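Remarks on the structure that follows.
Residue numbers (UniProt numbering), protein chains in the order written: chain A, 1 to 422; chain B, 1 to 425.
This is the structure in structure tokens:
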């Protein structure tokens, strides 16, 4: 009984005999795997949890609110959330472990100045509260988040990123030092590791208490404002609980208003929904996955048909060989598994090549291919773990099955006598 | 010759199943992708209704009262907006600047800062936007009138306290853009319970937010003259006033802009107002278009992937086939077929495969169209055009790939020496 080793040796020999066929099938496999890998890597980078967004699966987002006329339901405004609304409906949520409110001005960077005015840099500022440091899991290089006391009394303290610390002070050990943000003096209380742009909710250059900021205006009886709200689900509660509780609180809040009412439409959204649906559409996750599935299937099917054709032409030549082996007592299954195994070698070589290619593609064409997802930041390898390798292996198996089962089955269907005759 | 190609294909029908199936799948996908690309191209090509070339957004900051840098001298605290208008005048006077304009917080092309408005009348209700702008807005963004004249008339209209509506509004209510001129229209502004009647002084060209969105219903009204604005404190500068400059084309070069920014940083530090940034409008355009362009790139990558696979498949199939048929080819050549005839025969066989899958692919495509899964667009594109263009694009690129895939094996086959080929037999 021939060992797997001998199969591999034999298929290696076959590969060398049929160079063009081998080249075509390896190229085809590599390309397919590369395509799928690029998607998988991007999907993981966009949806999987990594620091500081370590709890992505349990984080829910409310980023806008519709203000309606109480009497006629007319649309009055579509804005960010107002602080009274948040304090009344979001902060007290029982089914949430932590609730944080943030203000982010994505369009305008602010000026950071060293106290002597010599070093200046523009930075993205995030105004937030103390719960933010609970929802997100930052790596502090020095110092700490601003404290509750600081937050409550609106003291000017700031957490800054390593990059900012270096450009303003030339070093990271800057806790206690002062700098100016928009001409106001802030004391640095902590320095954190730079955050990947993929973490688009936690990301910023500088984090300050919103009580120290200037965004405290509200309107429409407190519904509207410039805040977004992120909620971390409490253990033992599910999304339904959160949504129900939130809606109940909003109803209570609305009851106390005179002319208007708040409507959060289909929110809160999960991280996955937010990524798939963009900012304000209600896209069903199932539909998006179905779409992904169809795309992945086509990406695998087309090269599989190709490779199938090549293997078919190639096994046809070997039909006498198979027939001979069958005549000597090899079962059909054995021969089928031989063909499958032989092909697996090709698929694995192709898969490995595709895997390497996918990283090259992301490195070289990242800027061109998907600027949104990659941002200015290059992809970091830490986001891609063992799961990706497993995914590649499974994909290889799938491709192998798709492409080799049909020719293998055909190869063994031939009548022995007929095959030997030819 | 065609008959012999068909016969050949029939003889190899079993071996052709896989390549036919592949062509069918790829053809259907290409039709879908070609349609998508066609629709996106058409959307992109429609006029925007404004011109952002050489236009920059000037970001002004206001030193907060709590800052040590806050200037408390009376003149600046009471008449802060005077400083703003001094800044506007200084920019205007600079030799590198062509013109200056400003809008309120509710209008900024590419950025979705909105105030909604509902248009009424004639039993029609249209949802759109109200845009409070200084008349100079039309000059900076070179907005034309509905009949293609330059901005002067639009600017005049706002100065005379009429409103300017976009062509989309005039068309919906009065049948044609120019008919809207001089009419009255009822509008409810966002937040108000009642509607107000406005006098339409002029109609501007149709406008939309960005390259892939549809035309908006919107109207422009005067933000208020300088005296009106001076009633407010300078706080309104942060978020409620957007200042834009159009540079002279000769001055709009990166190094020159850097110098301009530096000069302005000094010149525009006035009272408690400071210059925080000068950002080209193209920056906002890129930010907003990113995801749409990303999607288009993904489609292009997908199309390339499929085409490359077809190439591999065709090379593979025809390489083996040409080899198997060496004796046959040799015989043909021996009885007088020229090299080019052999070459054309092989290419023809490949294209015949494509011809066979064309009908089923079109059927699949028609079904997709029926199911409404084709690219949705707000633009008025004829379905026939979409079908014809996407078919041509898909068919021609596929045909090109097939020919490219066969050329190599066919050349090899045609280069055969008949005597040698027959010797094999």
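Cβ coordinates follow ideal geometry from the N, Cα and C atoms, glycine included.
The structure displayed is predicted, hence computed values, not measured ones.
The alpha helix (DSSP H) enclosing residue i, as first and last residue numbers
i, result
"residue 144/A", "Run containing residue 144/A: none; DSSP gives neither H nor E here."
"residue 251/A", "239 to 255"
"residue 130/A", "Where residue 130/A is concerned, there is no enclosing alpha helix (DSSP H), given that its DSSP letter is neither H nor E."
"residue 240/B", "237 to 240"
"residue 294/B", "281 to 324"
"residue 356/B", "339 to 371"
"residue 303/A", "285 to 317"
"residue 25/A", "19 to 47"
"residue 262/A", "Premise fails: residue 262/A lies in the beta strand (DSSP E), 260 to 263, not in any alpha helix (DSSP H)."
"residue 137/B", "136 to 140"
"residue 91/A", "Premise fails: residue 91/A is in no alpha helix (DSSP H) and is neither H nor E."
"residue 444/B", "This structure cannot speak to residue 444/B, because chain B is shown only from 1 to 425."
"residue 397/B", "383 to 414"
"residue 156/B", "152 to 159"
"residue 227/B", "226 to 229"
Neighbour-count burial assignment, residue i, 16 or more Cβ in a 10 Å radius
i, result
"residue 124/B", "exposed"
"residue 342/B", "buried"
"residue 410/B", "buried"
"residue 271/A", "buried"
"residue 289/A", "exposed"
"residue 135/B", "buried"
"residue 221/A", "buried"
"residue 367/B", "exposed"
"residue 47/B", "exposed"
"residue 373/A", "Confidence in residue 373/A is poor, its pLDDT being 43 and thus under 50, which makes the residue's placement unreliable; the coordinate value appears in the next sentence. Buried: at least 16 other Cβ atoms inside 10 Å."
"residue 427/B", "This structure cannot speak to residue 427/B, because chain B is shown only from 1 to 425."
"residue 370/B", "exposed"
"residue 393/A", "exposed"
"residue 415/B", "exposed"
"residue 409/A", "exposed"
"residue 71/A", "exposed"
"residue 407/A", "buried"
"residue 354/A", "buried"
"residue 390/A", "exposed"
"residue 231/A", "buried"
"residue 13/A", "exposed"
"residue 304/B", "exposed"
"residue 159/B", "exposed"
"residue 171/A", "exposed"
"residue 180/B", "buried"
"residue 155/B", "buried"
Cross-strand partners of residue i (DSSP beta bridge)
i, result
"residue 199/B", "184/B"
"residue 215/B", "208/B"
"residue 229/A", "62/A and 101/A"
"residue 123/A", "110/A"
"residue 184/A", "181/A"
"residue 277/B", "59/B"
"residue 424/A", "For chain A, the structure presents residues 1 to 422; residue 424/A sits outside this window and is missing."
"residue 220/B", "131/B and 164/B"
"residue 6/A", "Answer by DSSP bridge pairing: none, since residue 6/A is not bridged."
"residue 67/A", "77/A and 262/A"
Residue i: first and last residue of the uninterrupted beta strand (DSSP E) it sits in
i, result
"residue 180/A", "178 to 181"
"residue 78/A", "75 to 81"
"residue 158/A", "157 to 161"
"residue 457/B", "Since the first residue shown for chain B is 1 and the last is 425, residue 457/B is missing from the structure and cannot be characterised."
Near the ligand NAP: residue i beta-carbon under 7 Å from a heavy atom
i, result
"residue 178/B", "Ligands displayed in this structure: none; no statement on the ligand NAP is therefore possible."
- Query: If you pair each beta-carbon of the region 215 to 232 of chain B with each one of the region 50 to 63 of chain B, do three or more pairs fall below 8 Å?
  - Reply: Result no; under three Cβ-Cβ pairs closer than 8 Å.
- Message: Check whether the region 305 to 325 of chain A and the region 17 to 26 of chain A touch, using three or more Cβ-Cβ pairs below 8 Å as the test.
- Response: Segments in contact, yes.
- Item | Contact between the region 312 to 331 of chain B and the region 397 to 407 of chain B (3+ Cβ pairs under 8 Å) | Proximity of the region 312 to 331 of chain B to the region 397 to 407 of chain B meets the contact definition, three or more beta-carbon pairs being nearer than 8 Å.
- Of all the beta strand (DSSP E) runs that stay within the bounds of the region 87 to 132 of chain B, which reach a length of 3 or more residues? List check, beta strand (DSSP E) in window: 97 to 104 and 116 to 120.
- Query: Is the region 215 to 234 of chain A close to the region 180 to 196 of chain A, with three or more CB pairs under 8 Å?
  - Reply: Fewer than three pairs of CB atoms, one per stretch, sit closer than 8 Å, so the region 215 to 234 of chain A makes no contact with the region 180 to 196 of chain A.
- Is there contact between the region 297 to 307 of chain A and the region 397 to 407 of chain A, where contact requires at least three CB pairs shorter than 8 Å? With the cut-off at 8 Å, the region 297 to 307 of chain A and the region 397 to 407 of chain A touch.
- the region 245 to 260 of chain A contacting the region 109 to 129 of chain A, beta-carbon criterion three pairs below 8 Å: Pairwise C-beta distances place the region 245 to 260 of chain A out of contact with the region 109 to 129 of chain A, as fewer than three of them are shorter than 8 Å.
- Inter-stretch contact at 8 Å, needing at least 3 Cβ pairs: the region 146 to 164 of chain A / the region 187 to 203 of chain A: The region 146 to 164 of chain A vs the region 187 to 203 of chain A: in contact.
- Counting Cβ pairs closer than 8 Å, one from the region 48 to 63 of chain A and one from the region 130 to 143 of chain A, do we hit at least three? Flag = yes, the region 48 to 63 of chain A and the region 130 to 143 of chain A touch.
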